[in-house]
Amino acid sequence: MKPKSSLIATLLVAAGAVAALAGCSASEGQPTPMTVSLERNTANRSFRVKWRTPEPVKALVFGRSRGFRQAFWKSAMSDLKLVQKGGYDVLEGAQPRSEFEVTIKEGFADVPGHHPLMTPFSDGGILFFTGHLDVSPLNCLGDCPAETVSKAAQFPAPSKFIFVPSPGETVIASGLRDNRAFEVPSSPNGTLAYFGKQNARKGIGYQIVADPSLPEWIIAETEDVLPQILELNARRLRIKLQETPIVFIPFMGDERRFNATYSGSVIDNQILLALFGSEWNARTQETRAEYLKLMAHESFHLWNSSLFHSVEVPGGKWLHEGSADAFAYLALLELGMITPNAYTDFHAQAVNRCMVGLSSGPLNAPKPESAQREFYDCGAVMQALLQRDLREAGQDLWAFWSELFDRAKGNDRFYTHESFFDLIREKLPSAISLSSIEKMAGGEVKGSTESSESLENFFISAFNEVGLNLRANEESWPRWYNRAVIGKAFSIVVQNDCGKDGFFSEIENAVRINGGNSCQTLKGERDISTLGRYDIPNEGVGAYDAYYESCRDGSAVSAWNSTGNAVELPCAPLPHRPRLLEFSTLFGL
């Protein structure tokens, strides 16, 4: 991690470079922002996007993930092309220009590791994430070095957005709502802009734009639980929100996001709780628990990501994502929304999903987009260990994080991994959990292809030290564990065969692999519903173990799709699967 002063210096240098390309205001010495207009056309279900730069430039480079623009974007100018340079998307013309224009067809455009570009509502409305429109100007084309493209992509140029609704519709963005065009400055994180016919409805301490087809029980849980979570967070952290949050809840009953049935995010005071798949139609114990966790997790990000910011380092996402999971569990337990049994089960899930994640490598190793979940789970495990230590000292996790935030006020509201560990040492000089947390964060905990014994023993020992007992159970496996282990298998298989040019998603009773042209075996689209004699994902453990043994023996991996046709799968070095661990006692506050 760079020291804060070094980080700011880097940003200033980058800003100066962007200013030189984008043009400066002589009166203020500040970069003149480019203008980005986003206009919706409901007649042909598309958006027109136009970038206007202060000075003519040869090209614009996009900083966020590529892979979806080619399918949805079309140049609106005959000599304008969308190409790739150094792994980034670049919009370039034949001659320097001050305007670049594209049309984007509407649709659910998911982007691995990033917010979706667009998330539709069932009534024709759509939520657009502007971060994918952030660009930096380039004044070189074919002779542009990869390093120049990469540096420009990392530091978007300052810009202002103009949102233009279709006739009869409104736009809700950046705290504003209007049925006419309006302008807002860009945010470093991007913003969510809703185009449609709905108004934001007021709740207690929040506003909401909910999909009209959303199951009624989702609305009821939101109205009941969300105000309580927001009040609890503010009271226990002793920090009030500065703005009223607005919650967007789109519902796509027939689609899923990769191997998940929901997608949550927080951008400034905006909360996105997108739900995918028909299983949300019924209020079951599982769907209710998952929705409450999602709502509570994203709510905590209003504090640990919006009001205050974590300085990320490679492999360090566990701090803000894991703490959001940990406080989601705590809030729901304190509010009586879940039982001590459910609270213990949430942590059992975190422990086991963390072990499955670490079985293939340490927490701080580079990870494919499909392996990001372990940051949440392993981070929650670290917070649980710390929580037990704090409790023994007569303290609690809320007060600890309240003080961490309070100290961040003197650091431009940034908290760091160093400040987190420093506070542990200060508050708990003899913290039992510190060694375990440092080992996980530092990459000392991992599995192997030969055995999972040392991985299991680490977690058993770490929790035993803070007074909680874990025991192995290999007699039955819950659905979430089946899904976790088969997800790990396909994550490794696709990554091994395709690198970044492939991904997989869960569909009804199957897994769908989408492989790009650089894949060795998995090019194109293929569905897999059975591996060996095991169904996916209901018997994920059996499928994982069958795959593991087949590849170790050098045998062919037998797989079939839903129609009974054989599907070719390459072997990959799967790690030895850790056993399922369960808590033998409940633990609470």
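Per my numbering, numbering through the sequence shown is continuous, rising by one, with the last residue being 725.
Backbone N, C-alpha and C fix where the C-beta goes; we use that ideal spot for every residue, glycine too.
Under the three-state reduction of DSSP, R374 is assigned to coil, being neither helix nor strand. Shown here for A289: same chain residues with a beta carbon closer than 6 Å to its own, the five before and five after excluded, namely V197, G199 and Y224 in chain order.
Counting only runs that start and end inside the region 650 to 686, the beta strand (DSSP E) elements of at least 3 residues fall at 660 to 664. In this structure, DSSP gives V361 a helical state, which the three-state scheme calls helix.
Counting along the chain, S182 sits inside the beta strand (DSSP E) bounded by residues S182 to F198. Three or more beta-carbon pairs separated by less than 8 Å are not found between the region 499 to 514 and the region 403 to 414, which leaves the two stretches without contact. Its chain contains A158, M170, S234 and P273 as the residues whose beta carbon lies nearer than 7 Å to that of T189, once the 5 sequence neighbours on both sides are disregarded; these appear in chain order. A straight line joining the alpha-carbon of P301 with that of R372 spans about 41 Å. The way I'd put it, the region 543 to 554 doesn't touch the region 512 to 532; fewer than three beta-carbon pairs between them come closer than 8 Å.
Setting aside the 5 residues that flank it on each side, V219 is surrounded in the same chain by V226 and E228, each with a C-beta closer than 7 Å to its C-beta; the list follows chain order. About 12 Å separates the CB atoms of V271 and F297; that is not less than 8 Å, and the two are not in contact. Within the DSSP bridge table, the entry for W534 names no partner.
By the 16-neighbour rule on beta-carbons within 10 angstroms, P714 is buried. Shown here for T178: same chain residues with a beta carbon closer than 6 Å to its own, the five before and five after excluded, namely S302 in chain order.
Residue state for W416 is assigned as helix, using DSSP reduced to three classes.
Runs of the alpha helix (DSSP H) spanning 4 or more residues and lying entirely within the region 269 to 293 occur at 282 to 290, in chain order.
According to DSSP, T178 shares a beta bridge with no other residue. Counting only runs of 4 or more residues that sit fully inside the region 551 to 626, the alpha helix (DSSP H) segments are 553 to 563, 570 to 577 and 589 to 601, in chain order. With a 10 Å radius around the Cβ and a threshold of 16 neighbouring Cβ atoms, P256 comes out buried. Residue environment analysis places A577 among the buried positions, since at least 16 neighbouring C-beta atoms fall within 10 angstroms of its C-beta. Per the coordinates, the alpha-carbon of P498 lies some 5 Å from the alpha-carbon of G579.
A230 and E305 have their C-alpha atoms some 37 Å from each other.
Contact check for T420 and F719: beta-carbon distance about 23 Å, past the 8 Å limit, so the pair fails to qualify.
Under the three-state reduction of DSSP output, E422 falls in the helix class. Beta-bridge annotation (DSSP): Q406 is paired with I382 and I403.
Nearest Cα to L705 within the set C490, T657, M431 and N417: T657. At least 7 Å separates the beta-carbon of L362 from that of M254. Going by beta carbons, V492 and A309 fall outside the 7 Å limit.
By the Cβ criterion, the region 559 to 576 is in contact with the region 533 to 543, since at least three pairs of Cβ atoms, one from each stretch, lie closer than 8 Å. DSSP places L469 in no beta strand (DSSP E) but in the uninterrupted alpha helix (DSSP H) bounded by W454 to E470. Between I622 and P565, the C-beta spacing is not below 7 Å. By the beta-carbon neighbour count (other beta carbons within 10 angstroms, threshold 16), K582 is buried. Each residue's CA atom was taken as its position, placing G261 and D347 some 9 Å apart. If you draw a 10 Å sphere on the C-beta of K221, you find 16 or more other C-beta atoms in it, and that means buried. Beyond the five residues adjoining it in sequence on each side, F236 comes within less than 6 Å, by CB distance, of W187, L196 and L227 in the same chain, given in chain order. For V517, the enclosing alpha helix (DSSP H) starts and ends at R509 to E528.
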